[in-house]
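Below is one structure, written out as structure tokens; comments come after it.
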Ligand code: C5P
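Numbering (our numbering), first residue to last: 548 to 787.
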């Protein structure tokens, strides 16, 4: 894979116009665009098709978590949208994750299309050890042990990979092997601002830890020249 293809640009903007302007500027500088709850809920599924028309692949970041039948139905929608990736919460359990995998398989058999990658979200990075114990009642495992156990469970259910923080890349790679896709946000080149990200990693470090895809937003979208910022990141990845 070329370094460019490993960059997933986070489209964290509040209008379709702003999103599509970024896609027009950056479609040949990055590998995919991430559409989250804000943009998807505001614009509807046609935002995915509009990005695709401009030549971009789409990671639909809606983190499904519901009963198996409902998540399976959402997985069918994602497959029909021809998205590149979508994600579900591992906390939804084995039956839910297996239902998503089977629904995608069933839909691509029918459509003869490419399957999207299904990624698991494990413990959100906003959850502390204390919250894991007091709010989620998980007391027998640390955050890191829970992350690893859920990543392994996702793999056993047939999911393609996980979204995780940079500090979880190496243990997940160790536990889940070389073919498991690892997508990581919290990426900051040395020359860019940290913004609200607390534990940051450079693009090169994330790759050498074993990440496959890097979710990058503001270092590119807030730059005076986003294409130049993307190219600078690609150059750094090539030098790695
Ligand atoms: O602008 P920035 O590079 O910080 O954007 C990172 C993107 O990755 C945002 O869309 C953010 O919601 C997402 N993300 C994150 N940290 C996580 C999970 C997702 O920054 N733990």
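Just so you know, even glycine gets a beta-carbon here, dropped at the ideal spot from N, CA and C.
Notebook entry, point to check: Nearest CA to the CA of residue 735: which residue from 583, 691 and 712?
Noted result: Numbered from its first residue, the chain shown carries residue 735 at position 188. Nearest option by C-alpha distance: 712.
Notebook entry, point to check: Apart from the five residues just before and just after residue 642, which ones in its own chain have a Cβ nearer than 6 Å to its Cβ?
Noted result: The residue you call residue 642 lines up with position 95 of the chain shown. Once the five neighbours on either side are set aside, the close Cβ partners of residue 642 are 615.
Note to self: Below 7 Å, is the gap between the Cβ of residue 712 and the nearest heavy atom of the ligand C5P?
What the structure shows: Position 165 of the chain shown, counting from 1, holds the residue named residue 712. Answer for residue 712: yes, Cβ within range of the ligand C5P.
Note to self: Suppose the cutoff is 7 Å on Cβ atoms and the five residues either side in sequence are ignored; what does the same chain contact list for residue 750 look like?
What the structure shows: Position 203 of the chain shown, counting from 1, holds the residue named residue 750. If we look at residue 750 and ignore the five residues flanking it on each side, its Cβ neighbours are 734, 736, 761, 780, 783 and 784.
Notebook entry, point to check: Comparing alpha-carbon positions, which option in 611, 774 and 617 lies nearest residue 527?
Noted result: There is no way to answer for residue 527, as the model of the chain reaches only from 548 to 787.
Next item on the list: Identify every run of the beta strand (DSSP E) within the region 621-679, keeping only runs that are complete inside it and at least 3 residues long; order them along the chain.
Entry: 632-636 and 664-668
Next item on the list: With a cut-off of 8 Å on the beta carbons, I'd call residue 599 and residue 634 a contact; round off their distance for me.
Entry: Sequence index remark: in the chain shown, residue 599 carries index 52 (1-based). Sequence index remark: in the chain shown, residue 634 carries index 87 (1-based). Contact flag wrong, Cβ pair sits at about 18 Å.
Next item on the list: Could you check which residue in 572, 568 and 608 has the C-alpha nearest to that of residue 582?
Entry: Here residue 582 refers to the residue found at position 35 of the chain shown. Measuring from the Cα of residue 582, the nearest candidate turns out to be 608.
Item checked: the ligand C5P heavy atom lying under 7 Å from the CB of residue 662 -> Here residue 662 refers to the residue found at position 115 of the chain shown. No, since every heavy atom of the ligand C5P falls outside the 7 Å radius drawn around the Cβ of residue 662.
Margin query: For the region 691-705 against the region 585-603, do three or more pairs of beta-carbon atoms, one drawn from each stretch, fall closer than 8 Å, so that the two count as touching?
Written below: The answer is no - the region 585-603 does not touch the region 691-705, with fewer than three Cβ pairs under 8 Å.
Next item on the list: Check the DSSP bridge columns for residue 581 and list the partner residues they point to.
Entry: Position 34 of the chain shown, counted from the start, is the residue given in the question as residue 581. Its beta-bridge partners are 557 and 606.
Notebook entry, point to check: Skipping 5 residues on each side, what residues in its chain have a beta carbon closer than 7 Å to that of residue 558?
Noted result: What you label residue 558 is simply residue 11 of the chain shown in a count that begins at 1. Excluding positions up to five away in sequence, the list reads 566, 569, 580, 581, 582 and 586.
Next item on the list: Note the first and the last residue of the continuous beta strand (DSSP E) segment covering residue 708.
Entry: Position 161 of the chain shown holds residue 708. From DSSP, the beta strand (DSSP E) with residue 708 extends over 708-710.
Notebook entry, point to check: Can you tell me whether residue 746 is buried or exposed, with buried defined as 16 or more other CB within 10 angstroms of its CB?
Noted result: The residue given as residue 746 occupies position 199 in the chain shown. Classification of residue 746: exposed, given that the 10 Å Cβ count is below 16.
Checklist line | DSSP three-state assignment for residue 716, whether helix, strand or coil | finding: For the purposes of this step, residue 716 is taken as residue 169 along the chain shown, with counting starting at 1. Three-state DSSP puts residue 716 in a helix.
Notebook entry, point to check: By the 10 Å Cβ neighbour count, where 16 or more other Cβ atoms means buried, how is residue 748 classified, buried or exposed?
Noted result: Here residue 748 is taken as the residue at index 201 of the chain shown, counted from 1. Buried: at least 16 other Cβ atoms inside 10 Å.
Next item on the list: Could you give the DSSP three-state label for residue 763: helix, strand or coil?
Entry: For this step, residue 763 is matched to residue 216 along the chain shown. Correct three-state label for residue 763: strand.
Notebook entry, point to check: Which residues does DSSP pair with residue 734 in a beta bridge?
Noted result: Sequence index remark: in the chain shown, residue 734 carries index 187 (1-based). According to DSSP, which records beta bridges pairwise, residue 734 is partnered with 748.
Next item on the list: Might you give, ordered along the chain, the residues of its own chain that have their beta carbon closer than 7 Å to the beta carbon of residue 776, omitting 5 neighbours on each side?
Entry: The sequence position of residue 776 within the chain shown is 229, counting from 1. The answer, listed in chain order, is 766, 767 and 770.
Notebook entry, point to check: In whole angstroms, what separates the C-alpha of residue 591 from that of residue 618?
Noted result: Locating residue 591 in the chain shown gives position 44, where the first residue counts as 1. Locating residue 618 in the chain shown gives position 71, where the first residue counts as 1. Using only the alpha carbons, I get a separation of about 18 Å.
Check: Which residues bound the alpha helix (DSSP H) around residue 601?
Finding: By one-based count along the chain shown, residue 601 stands at place 54. Per DSSP, residue 601 belongs to no alpha helix (DSSP H) and is neither H nor E.
Check: Which class does residue 681 belong to by DSSP, given the choice of helix, strand or coil?
Finding: The count along the chain shown starts at 1 and reaches residue 681 at position 134. Correct three-state label for residue 681: helix.
Note to self: Tell me which residues share the same chain as residue 715 and place their Cβ nearer than 6 Å to its Cβ, disregarding the 5 neighbours each side in the sequence.
What the structure shows: By 1-based counting over the chain shown, the position of residue 715 is 168. Excluding sequence neighbours, residue 715 sits near 694.
Notebook entry, point to check: Out of curiosity, what's the CA-to-CA distance linking residue 576 and residue 601?
Noted result: Translated into the one-based positions of the chain shown, residue 576 becomes position 29. Translated into the one-based positions of the chain shown, residue 601 becomes position 54. In a straight line, the C-alpha of residue 576 is about 13 Å away from that of residue 601.
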